[in-house]
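Quick notes on the structure that follows.
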Amino acid sequence: VIFFLISLFTIVAILEEQLIFQEIALRITKKFSTNTRGFFWVIILISTLSAAFIEDLSVAIIFIPIIVSTSEKMKINPTPILLGTTICINLASTLTPFGSAENILIANKFSLSTSWFFTNLAIYFIIATLLTLILLDFFVLRKHLNEIWIPHCEEYDEPLESQHLKEHELVILEESINPKLFYRNLGTLSIFFILLIIIPDILFVGILGMLLFVFINPRRNKAGGKKPDISYFFRKVDFKLPFFFITLFVLVFCFEKVGLIRIIEDFVVNMTPDNLFLLCILVLIITSVLSGFLDNLPVTVLFIPVIQILIALDFSSTPLLIAFILGINLGGNFLPQGSAADMMTLELSTKYCV
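Now the structure itself:
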């Protein structure tokens, strides 16, 4: 899990270094700069599909500033778009085993492949995403279509002067990057996604994908030549999440030693009904509620042993795992603290006076 995360973060760092995501956003902006509803649907769908393959926090960091900046240029209120983006990012986490840190843990523990996620969760993802966008379009976006919006921090009661707009202007890509560089990285990214689908060993695919991206994006050295430089991109990677995983594993080991995991297991098993459907509903509700008030990653770590016990009691594994994955990812939409992507959206929205 740790090495796959490092590989994935390195790929994201390379794509950010080469401005690939910004180029995609720039093309979307140019095409839909006068079509608010089209921009709403396209930018959310693109960010949602990105979140299915890239860690959700990275997607929020990449797309939220782009949405705010584009909305400012179009003079439209970004609130409906930001709301739809953060909800759909959490929904996208259910589609693949690498869409979120929680899914990586679950897929690794229960040996779940990408095809398993597509087969069992794709229908939910499609229905939930489309329903969310339709409801937001009808009830939220429609109210703001004719509003002229300018970013303004009411808490400071600042006048809407040119100096204010200058201070809050976001810097994003204004001109297209080299087309060869863009299509080369986009093609490699497509190959990486295909390999993740057809090869069950995500660690092998992660390392292979990382090496491919390093190879096609050589760095210029002091002598003026170009060569692959993996150490340069490693220095760009934020290692907080991998180290957080390591501390979580240590914490779970300590919980097992003091008996906390056993207490949770006994509590859930004692509440377990004989009916599989009712059991799945119970798992869905408990994990959703806990993930809403806590970060969903610790809840995942605590409940993996519980799900293992329930499967050992001869309950069918597939319905239980579906309920578990949906509950963990749904909970992130209840309260901001339930998801790192939600917290990042809230923080960036405050920063940019939305």
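Residue 336 in the UniProt record's numbering sits at position 336 of the sequence shown, with consecutive numbering throughout.
Even for Gly, the Cβ is constructed at its ideal location relative to N, Cα and C.
Pairwise C-alpha distance: SER47 and ALA101: Numbered from 1 along the sequence shown, position 101 holds the residue referred to as residue 101. Numbered from 1 along the sequence shown, position 47 holds the residue referred to as residue 47. For ALA101 and SER47, the distance between alpha carbons rounds to 17 Å.
Endpoints, the alpha helix (DSSP H) within which ALA312 is located: As a first step, residue 312 is located in the sequence shown; it is residue number 312 there, counting from the start. ALA312 -> alpha helix (DSSP H) spans 296-312.
With 16 other Cβ atoms within 10 Å as the buried cut-off, status of ILE198: Against the sequence shown, residue 198 aligns to sequence position 198. So ILE198 counts as exposed.
Alpha-carbon spacing of HIS144 relative to THR10, whole angstroms: Taking the sequence shown and counting its residues from 1, the one referred to as residue 144 is at position 144. Taking the sequence shown and counting its residues from 1, the one referred to as residue 10 is at position 10. About 39 Å.
Extent of the continuous alpha helix (DSSP H) to which CYS353 belongs: Counting from 1 along the sequence shown, the entry for residue 353 is found at position 353. CYS353 -> no alpha helix (DSSP H), and no H or E assigned at all.
Residues of its chain near PHE3, where Cβ-Cβ distance is below 8 Å and the 5 sequence neighbours each way are ignored: Within the sequence shown, residue 3 is the residue found at index 3, counting from 1. Closer than 8 Å at the Cβ level, and outside the excluded window around PHE3, lie LEU203, GLY206 and ILE207.
Boundaries (first-last residue) of the alpha helix (DSSP H) holding GLN22: Translated into the one-based positions of the sequence shown, residue 22 becomes position 22. From DSSP, the alpha helix (DSSP H) with GLN22 extends over 20-32.
Test item: CB-CB of ALA25 and ILE66 under 8 Å: Locating residue 25 in the sequence shown gives position 25, where the first residue counts as 1. Locating residue 66 in the sequence shown gives position 66, where the first residue counts as 1. Going by C-beta atoms, ALA25 is nearer than 8 Å to ILE66.
Buried versus exposed, by CB contacts within 10 Å (16 or more), ASP266: As a position in the sequence shown, residue 266 is number 266, starting the count at 1. It counts as exposed.
Between the CA atoms of PHE182 and GLU16 - distance to the nearest angstrom: In the sequence shown, residue 16 corresponds to position 16, counting from 1. In the sequence shown, residue 182 corresponds to position 182, counting from 1. When rounded, the distance between both Cα atoms is 12 Å.
Option nearest PRO78 by Cα separation, candidates LEU136, LEU121 and VAL299: The count along the sequence shown starts at 1 and reaches residue 78 at position 78. That would be LEU136, whose Cα lies nearest to the Cα of PRO78.
Cα-Cα separation between LEU326 and LYS236, rounded to whole angstroms: Counting from 1 along the sequence shown, the entry for residue 326 is found at position 326. Counting from 1 along the sequence shown, the entry for residue 236 is found at position 236. Rounded to whole angstroms, LEU326 to LYS236 spans 32 Å at the Cα level.
Start and end residues, alpha helix (DSSP H) containing ILE134: Stepping through the sequence shown from its first residue, residue 134 is reached at position 134. Where ILE134 is concerned, the enclosing alpha helix (DSSP H) stretches over 114-136.
Where VAL68 falls, given that 16 or more other Cβ within 10 Å makes a residue buried: In the sequence shown, counting from the first residue as 1, residue 68 sits at position 68. Buried.
At least three beta-carbon pairs within less than 8 Å, the stretch 306-323 to the stretch 80-89: no
Beta-carbon proximity check, PHE192 vs GLY209, cutoff 8 Å: As a first step, residue 192 is located in the sequence shown; it is residue number 192 there, counting from the start. As a first step, residue 209 is located in the sequence shown; it is residue number 209 there, counting from the start. Going by C-beta atoms, PHE192 is nearer than 8 Å to GLY209.
Alpha-carbon to alpha-carbon, ARG220 and ALA122: Here residue 122 corresponds to residue number 122 of the sequence shown, with the count starting at 1. Here residue 220 corresponds to residue number 220 of the sequence shown, with the count starting at 1. ALA122 and ARG220: Cα-Cα distance of roughly 42 Å.
C-beta atoms of ILE104 and LEU19 nearer than 8 Å: Locating residue 104 in the sequence shown gives position 104, where the first residue counts as 1. Locating residue 19 in the sequence shown gives position 19, where the first residue counts as 1. The answer is no: Cβ separation not under 8 Å.
Inter-residue Cα distance where the pair is THR119 and GLY224: Your numbering for residue 119 matches position 119 in the sequence shown. Your numbering for residue 224 matches position 224 in the sequence shown. Their Cα atoms are separated by approximately 49 Å.
DSSP-derived helix/strand/coil call for ARG235: Position 235 of the sequence shown holds residue 235. Looking at ARG235 - three-state DSSP - the assignment turns out to be coil, as it is neither helix nor strand.
Beta-carbon proximity check, LEU91 vs THR129, cutoff 8 Å: By one-based count along the sequence shown, residue 91 stands at place 91. By one-based count along the sequence shown, residue 129 stands at place 129. Result yes, Cβ atoms of LEU91 and THR129 sit closer than 8 Å.
Local conformation of LYS222 per DSSP, three classes: Stepping through the sequence shown from its first residue, residue 222 is reached at position 222. DSSP places LYS222 in coil when its eight states are reduced to three.
Cβ separation of PHE213 and THR188, assumed to be a contact under 8 Å, to the nearest whole Å: For the purposes of this step, residue 213 is identified with residue 213 of the sequence shown, where counting begins at 1. For the purposes of this step, residue 188 is identified with residue 188 of the sequence shown, where counting begins at 1. With a Cβ gap of about 6 Å, PHE213 and THR188 count as contacting.
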